[in-house]
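A.B. asks: Input: one structure, supplied below.
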Amino acid sequence: MNQTNNVLSEQYVQDSFHRYLKSSLTQAKVEKLLDVGILSSAESDLMITGPSLCLYFAALRCTTNPPSVPLPRLTTAKSSSSPPVDLSFENCPPPFIGILHVWAHTVPTIQNLVPEHQHDLARVICGLDPLSSPIQPAIR
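Structural data, given as structure tokens:
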């Protein structure tokens with residue numbers, strides 16, 4: 057994890073988000089938000105959709121105040137998994153602090169949506185039309 061002064065390393069955060077991205081895309085596939093064709097391509101839409109889904113699912117899983125990103129656990133050769141780590145304002149590497157502030161600001165809005173509107177937001181992130189009518193203004 058290589059921490060300096062309790063700040064996570066940039067590589068650790070990048071690796072964590074890569075794992076988060078893979079699980080987010082798998083979840084989107086299961087929920088039929090993305091089809092297999094787009095998942096198997098390297099289309100530019102996926103380059104935006106994937107990280108957006110990652111941050112959306114992180115917002116749904118967030119249980120801290122101020123918001124922090126619950127990072128996926130690392131599996132190591134010595135143990136089945138590492139202890140849970142949240143990316144917070146206290147341990148965030150400087151290159152990620154701006155996006156953490158923006159993300160943290162959106163968490164309450166996402167969490168306050170009713171489940172149907174949360175799903176609509178995921179659909180919009182994936183380029184699909186929302187199912188609810190009328191469209192919730194916060195989703196636009």
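Each residue of the sequence shown is one higher than the one before, starting from 57 at the first, in this note's numbering.
Ideal Cβ positions, reconstructed from N, Cα and C, are used throughout, including at glycine.
1) Drop a sphere of 10 angstroms on the beta-carbon of Phe113, count the other beta-carbons inside from all chains shown, and report buried for 16 or more, exposed for fewer.
2) Please list, in chain order, all residues of the same chain as Leu143 whose beta carbon is under 7 angstroms from its beta carbon, the five residues on each side excluded.
3) Do Gly106 and Leu77 have their C-beta atoms closer together than 8 angstroms?
4) At what residue ranges does the stretch 101-168 contain a whole run of the alpha helix (DSSP H), taking only runs of 4 or more?
5) Would you mind working out which of Gln83, Asp176, Phe152 sits nearest Ile191, comparing C-alpha positions?
6) Given a threshold of 16 other Cβ atoms within 10 Å of its Cβ, counted over all protein chains shown, does Val141 qualify as buried or as exposed?
7) Given a threshold of 16 other Cβ atoms within 10 Å of its Cβ, counted over all protein chains shown, does Ser189 qualify as buried or as exposed?
C.D. replies: For this structure:
1) On the sequence shown, position 57 is the one that residue 113 refers to. Counting other Cβ atoms within 10 Å of its Cβ, Phe113 reaches 16 or more and is therefore classed as buried.
2) The residue labelled residue 143 in the question sits at position 87 within the sequence shown. If you ignore the 5 residues before and after Leu143, its C-beta comes within less than 7 angstroms of the C-beta of Leu64, Val69, Ser124, Val125, Leu127, Leu156, all in its own chain and listed in chain order.
3) Numbered from its first residue, the sequence shown carries residue 106 at position 50. Numbered from its first residue, the sequence shown carries residue 77 at position 21. Yes.
4) Counting whole runs of 4 or more residues, the stretch 101-168 contains the alpha helix (DSSP H) stretches 153-168.
5) Start at 1 with the first residue of the sequence shown, and residue 191 comes out as number 135. That would be Asp176, whose Cα lies nearest to the Cα of Ile191.
6) For the purposes of this step, residue 141 is taken as residue 85 along the sequence shown, with counting starting at 1. Buried, by the Cβ-count rule.
7) Taking the sequence shown and counting its residues from 1, one reaches residue 189 at position 133. That one is exposed.
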